[in-house]
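Residue numbers (my numbering): 1 to 146.
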């Protein structure tokens with residue numbers, strides 16, 4: 001099975017603590033143009049293995065499992081996998097990671113969002129859709145942080 005990797009990044013003019021506090025819960029409530037509702041399943045929202053149910057504006061319902069959550073200062077990171085989707089995805093699996101770094105020269109924040117997709121459908125379409133959604137999400141995050 002081959003893997004397709006997509007990465008987008010952006011610098012936000014806010015301190016790293018502000019940006020990380022928005023991203024860390026993994027609920028995407030800042031992604032106003034795409035997410036309608038997000039909930040945590042289970043007892044511990046902060047635990048690796050915890051689940052998120054995300055309802056998107058297009059009606060898609062996805063369940064994410066948190067694979068990594070790190071508050072280390074040098075690399076604040078959240079990683080999740082899509083374990084369920086309705087309607088079904090056009091690829092077999094997807095793992096997403098958002099890393100948040102402090103830019104020390106001006107107290108801004110560098111955010112990198114990468115995704116690995118196991119191919120199973122139109123790879124070019126999956127890559128372009130992923131790029132578009134990440135850019136859209138970054139625009140929403142910037143507005144949320146104002």
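Idealized CB from N, CA, C, for every residue including glycine.
The DSSP-derived three-state label of residue 74 is coil.
Rounded to the nearest angstrom, the gap between the Cα atoms of residue 58 and residue 146 is 26 Å. The straight-line gap separating the alpha-carbon atoms of residue 81 and residue 62 is approximately 10 Å.
Residue 34 sits close to residue 133, with the two beta carbons spaced by under 8 Å. Residue 137 and residue 105 have their alpha carbons spaced roughly 25 Å apart. DSSP, read as helix, strand or coil, puts residue 57 in coil. Taking C-beta separations shorter than 7 Å and ignoring five residues to either side along the sequence, the partners of residue 118 in its chain run 1, 3, 91, 92 and 93, following chain order. Between residue 100 and residue 20, the CB-CB gap stays under 8 Å.
Residue 76 is classed as buried because its beta carbon has at least 16 other beta carbons within 10 Å across all chains shown. If only uninterrupted alpha helix (DSSP H) runs of at least 4 residues are considered, those enclosed by the segment 14–62 are 16–23.
Nearest in C-alpha terms to residue 48, of all of 56, 71 and 60, is 71.
Contact between residue 95 and residue 67 is confirmed by a C-beta separation of about 7 Å, below the 8 Å threshold. Under the three-state reduction of DSSP output, residue 89 falls in the coil class, being neither helix nor strand.
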